[in-house]
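In numbering that gives the first Met the number 0, the protein residues as written are 0 to 227. We put the CB at the ideal spot given by N, CA and C, even for glycine.
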Amino acid sequence: MLAVEGIQAGYGGSQVLFDVGFTVEAGEVVALLGRNGMGKTTTVRALTGLLPLQAGSVRMDGHELAGRPPFVRARAGLGLVPEGRQVFLTLSVTENLVATARGRGWTQARVFGLFPRLAERKRHQGSQLSGGEQQMLAIGRALMTNPRLLILDEATEGLAPLVRAEIWACLRDLKAEGQAILVIDKNLKALAALADHHVVIEKGRVAWTGTSDALAADPGTVERFLHV
Ligand SMILES: Nc1ncnc2c1ncn2[C@@H]1O[C@H](COP(=O)(O)OP(=O)(O)O)[C@@H](O)[C@H]1O
Ligand SMILES: [Mg+2]
């Protein structure tokens with residue numbers, strides 16, 4: 000479904016991604032791993048069009064998205080839950096969800112079914128929500144675009160353990176419904192349980208790819224690329 004090949008990107012004069020490539024099939028969960036500063040968020044920005052590509056290709060079902068603006072990539076099915084949540088702070092929960100709604104499938108009611116807490120807060124402004132509620136709203140907002148691929152960048156970062164567990168449970172439910180997901184997170188154990196395969200990024204290049212079983216059987220990779 001998504002095929003990323005040879006992407007290069009950076010900020011100003013400094014190149015961050017040298018050669019990143021991987022694929023995500025329909026219904027699959029892929030984890031993007033790597034230590035801080037290795038280029039995971041930059042990869043996601045390059046995929047979604049928030050950062051221009053210097054080289055490489057991003058294809059959805061064979062259609063080239065490189066060079067296309069973010070809204071075209073969103074329409075092609077890339078739905079991002081960005082690092083730091085970035086919900087609209089001055090809009091209510093309902094307004095946040097309506098703002099991105101597009102296509103069929105996801106409705107406010109369905110998002111509230113997934114996150115009952117948001118239903119209780121639907122008239123509250125984004126700024127009045129807890130960090131966990133903002134994260135749920137960010138996920139709900141991305142789902143309202145009916146993404147073919149839901150992309151989550153550190154969605155459990157800074158949340159209390161119980162709220163994290165709720166987010167992981169939600170991702171499991173979405174996977175069970177056939178939602179394809181690209182997930183960046185620091186919790187290897189939770190990722191190993193959820194992801195079909197893993198892509199490890201080291202200094203802007205793919206250093207390792209494999210299944211959860213292969214990763215578990217390869218403590219050297221974890222030590223080399225993932226331990227701080
Ligand atoms: N807006 C930016 N301007 C300049 N350099 C940046 C910017 N964002 C990230 N970088 C640099 O790009 C590299 C990769 O960062 P990032 O993709 O955020 O890593 P990760 O998400 O894997 O922690 C880092 O060296 C970081 O300092
Ligand atoms: Mg990041």
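Notebook entry, point to check: Does ligand 2 have a heavy atom nearer than 6 Å to the CB of residue 201?
Noted result: Residue 201: no, Cβ never under 6 Å from ligand 2.
Next item on the list: Output the residue ranges of the beta strand (DSSP E) runs that lie fully inside the region 182-213 and measure 3 residues or longer, sorted by chain position.
Entry: 196-201, 204-210
Item checked: Residues sharing a beta bridge with residue 106, DSSP -> BP columns for residue 106 are empty, so no partner.
Notebook entry, point to check: Would the beta-carbon of residue 2 fall within 7 Å of that of residue 58?
Noted result: yes
Notebook entry, point to check: Near ligand 2, which residues have their beta-carbon less than 7 Å from any of its heavy atoms, given in chain order?
Noted result: 39, 40, 82, 152, 153, 183
Note to self: Restricting to Cα atoms, I'd like to know which of 172, 145, 132 is closest to residue 154.
What the structure shows: 132
Next item on the list: Report yes or no: do the region 156-164 and the region 2-17 share at least 3 C-beta pairs separated by less than 8 Å?
Entry: no
Check: Under the three-state reduction of DSSP, which class applies to residue 156: helix, strand or coil?
Finding: coil
Next item on the list: Over the uninterrupted alpha helix (DSSP H) stretch that includes residue 116, give me the two end residues.
Entry: 115-119
Item checked: Where residue 87 falls: helix, strand or coil (DSSP) -> coil
Check: By how many angstroms is the C-alpha of residue 177 removed from the C-alpha of residue 215?
Finding: 25 Å
Notebook entry, point to check: Of the residues 211, 217, 83, 183, which one's Cα is nearest the Cα of residue 34?
Noted result: Answer by Cα proximity: 183.
Check: Since residue 150 and residue 80 are thought to touch, with beta carbons under 8 Å apart, how far apart are those beta carbons, to the nearest angstrom?
Finding: 7 Å
Margin query: Quick check on residue 217: does DSSP put it in helix, strand or coil?
Written below: Residue 217 falls in the coil class under three-state DSSP.
Note to self: Does the structure place the region 66-74 close enough to the region 37-54 that three or more beta carbon pairs sit under 8 Å?
What the structure shows: yes
Next item on the list: Return yes when the Cβ of residue 110 is within less than 7 Å of the Cβ of residue 139, no when it is not.
Entry: yes
Next item on the list: Could you tell me whether any non-hydrogen atom of ligand 1 is closer than 6 Å to the CB of residue 270?
Entry: Residue 270 cannot be examined here, being either before or after the span of the chain that is shown, 0 to 227.
Next item on the list: Helix, strand or coil for residue 161, going by three-state DSSP, please let me know.
Entry: Helix at residue 161.
Note to self: For residue 188, count the other beta carbons within 10 Å of its own beta carbon; 16 or more makes it buried, fewer makes it exposed. Which is it?
What the structure shows: exposed
Notebook entry, point to check: At a cut-off of 6 Å, is residue 36 close to ligand 1 when judged by its beta-carbon and the heavy atoms of the ligand?
Noted result: Yes - ligand 1 has a heavy atom lying nearer than 6 Å to the Cβ of residue 36.
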